[in-house]
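Take a look at the structure below.
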Amino acid sequence: MNPSIWFSIGGLSGAAAIGFGAFGGHGLQNRVKEAKMLENWKTASYYHLINSVALLLVPFSKYHHIAGPLLASGTLLFSGSLYAMVLTDNRKLGMITPIGGLAMMGGWAALGLGARLPPSFV
Numbered sequence: 003m004n005p006s007i008w009f010s011i012g013g014l015s016g017a018a019a020i021g022f023g024a025f026g027g028h029g030l031q032n033r034v035k036e037a038k039m040l041e042n043w044k045t046a047s048y049y050h051l052i053n054s055v056a057l058l059l060v061p062f063s064k065y066h067h068i069a070g071p072l073l074a075s076g077t078l079l080f081s082g083s084l085y086a087m088v089l090t091d092n093r094k095l096g097m098i099t100p101i102g103g104l105a106m107m108g109g110w111a112a113l114g115l116g117a118r119l120p121p122s123f124v
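Taking the numbering used here as reference, the numbering of the sequence shown is continuous, increasing by one, and the terminal residue is 124.
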């Protein structure tokens, strides 16, 4: 896979994160009454956005083939499970969240360990 595809994936993911965050701030207030569930949504959109930015950096890592899939799948599992849990009130979906968190941690590690910086940065 061409590493530059992660620019597109990161950009689209970031746009979705902004949309989910806006929905959480404006559209969920009348649908979800429990403060903890609204906090879960906020956490999901925050991590979604942060990892979208990380996806934009994936092409600069020599481990892009590891970092990209781990960050993308981790974001989908972590944030996706929280979004789904809030929308459906099915708290069992929260059991998926830590798996996504572990994948994101691996993605960040691969991203950092594989950093290809210009000599002036080292």
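By construction, the Cβ of each residue, glycine as well, lies at the ideal position given by its N, Cα and C atoms.
- When DSSP reads this structure, residue 117 sits in a beta bridge with 63.
- In the structure shown, the three-state DSSP call for residue 5 is coil.
- Contact between residue 58 and residue 9 is confirmed by a C-beta separation of about 6 Å, below the 8 Å threshold.
- For the pair residue 108 and residue 73, the Cα-to-Cα distance works out to about 8 Å.
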